[in-house]
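Structure first, then comments.
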Amino acid sequence: MKRIWWIPISILLLSGCVPSGNDEAEVINTEEEEAETAIIPSMQLDDQYYRTLLPYKQSATRGKIVSRLNSRYDIKEAEHGLLRLSQQQFSPDDYYFQEGQKITDEEASLWLQRKSKDNPQGLNPEDGRSKAETDGGERPQPELLAHILEQNYLVKTEEDKIRLGGVSIGLAMNTVYYSSTDNIPYEESIPQDQIAEEGKRMADEIVKRLREKEGMSDVPILVALFAQNSRNAMTPGTYFSYGAAPKGETEVANWNDVDEEYVVFPTSGTDEQYRDIDTAFRNFKQDVEVYFSNFTSVIGKGFYQSGQLQEMKIEIPIQFYGSAEVIGFTQYVTGLILDHFPDDVQIEVNVTSTNGAEALILRKAGETEPVVHIYE
């Protein structure tokens, strides 16, 4: 039997997450017209995370994403996925993160609406129906653009000041359009090639508008297209294409396909690509259910890049009986992870009950010993 690691209650050890007492943040000035003092944290949790300037500046459009996207899964992935793609253009070693400061709340509201005589800035298709067509119940063209997400990336100058070094824009596109006619709701699927074509058109228009803003003429702009999932989906949508407008350019060049996918396990399909992992997950699930005879469900969500599984997140809801039983169950599940899943895949297991989170098991890719936390 492989060794099981147990971390005592209320102690959480995550590699690189606890700064030493000698770490000091760096205080630096910005290059804004009104000079501001910013603090650069000295601690970087991981090479995949950007350091963030303090005090934290919220985007003017903060909060819009909640009402514009279909699910909390899409909200999270739209933000995290854009961060992931931005790393290819703006290295976390050289750039600092800040929420978007260039697109105002008013601009975002106008851009997300349909184009019309009253709002020529609208990026969604114009409602070209005649009165007779509208009265007859004919549906308008679906709205394609759901949300615009902006992220700013800052760099330090030789004069030890901070300036804007890059901007990333995420365009969340609808794959399903939800609306109503005469108070009767309906939904309309939108083909992938349509959201790709229109998304790229919108990207060029947004780049042109950003170039007109002060300080944006020579800033690289990355734009990525996100296909959000349907409302009842258990997994988020994903980014499917991205490109960049180099300094001074008003159009996005060199669009690149993004091969990313989320898959729910156990799968209901017969795709050969998922067979080995699906078999491993089913065996894991079966062994978990041996522990609790009245067990309900174990659900896994796998994240694939270029056809390869990168990460598996597993949710295990249990009935809560006592701390000792939670500890014993967590030890048992930790051993199952080592037995069933390959070492090159990051595995995260969350054990929950009606009282909330009970335990977290995390095994990073390439590591053989998981980190375990039992919540008090």
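Residue numbers for the sequence shown, in mature numbering (1 follows the signal peptide of the UniProt record, and there is no 0): -20 to -1, 1 to 356.
Just so it is clear, CB atoms sit at the ideal spot from N, CA and C, and this is done for glycine as well.
In this text the structure is predicted, and so the values were computed from the model without any measurement.
The beta carbon of Met196 is closer than 6 Å to those of Leu190 in its chain, skipping five residues each way along the sequence. With a contact defined as Cβ atoms closer than 8 Å, Lys227 and Val199 qualify at about 7 Å. Gly146 and Ser221 have their C-alpha atoms some 18 Å from each other. With a threshold of 16 other beta carbon atoms within 10 Å, Ser148 meets it and is buried. Across the set Ser169, Leu134 and Thr114, the C-alpha of Thr114 shows the shortest separation from the C-alpha of Asp162. Note on geometry: alpha-carbon atoms of Gln131 and Gln28 lie some 16 Å from one another. Contact between the stretch 74 to 88 and the stretch 37 to 46 is established, with three or more Cβ pairs separated by less than 8 Å. In the pairwise beta carbon analysis, the stretch 108 to 125 is classified as not touching the stretch 53 to 64: fewer than three pairs are separated by under 8 Å. According to DSSP, Thr332 shares a beta bridge with Pro297 and Ala337. Between the stretch 324 to 341 and the stretch 290 to 306 there are three or more C-beta pairs closer than 8 Å, enough to call the two in contact. Every beta strand (DSSP E) stretch that sits fully inside the stretch 151 to 239 and reaches 3 residues is listed by chain position as 156 to 161, 164 to 169, 201 to 208, 218 to 225 and 233 to 237. An exposed status is given to Gly302, since fewer than 16 other beta-carbon atoms sit within 10 Å of its beta-carbon.
For the pair Lys180 and Trp235, the CB atoms are nearer than the 8 Å cut-off.
Per DSSP, the unbroken alpha helix (DSSP H) holding Ala112 starts and ends at Lys111 to Asp115.
Annotation for Ser333: Ile298 and Phe300 place their beta carbon closer than 6 Å to its own, counting only its chain and skipping 5 residues before and after. Between Asp98 and Gln208, the C-beta gap is not smaller than 8 Å, which leaves the two residues out of contact. For the pair Gly346 and Val232, the Cα-to-Cα distance works out to about 37 Å. Secondary-structure assignment with DSSP links Val325 through no beta bridge to anything. Between Thr314 and Val331, the CB-CB gap reaches or exceeds 8 Å. Of the residues Ala304, Ile296, Asp258 and Lys265, the one whose Cα lies closest to the Cα of Gly282 is Asp258.
Per DSSP, reduced to three states, the secondary structure at Ser51 is coil, with no helix or strand assignment. Assigned with DSSP and collapsed to three states, Phe77 falls in strand.
Straight-line measurement puts the Cα of Val306 at about 42 Å from the Cα of Gly80.
Arg48 sits away from Ala176, with the two beta carbons spaced by 8 Å or more.
By the neighbour-count criterion, in which 16 or more other beta carbons inside 10 Å mark a residue as buried, Val238 falls on the buried side. Counting the other CB atoms within 10 Å of its CB gives Ile19 a total below 16, which places it among the exposed residues.
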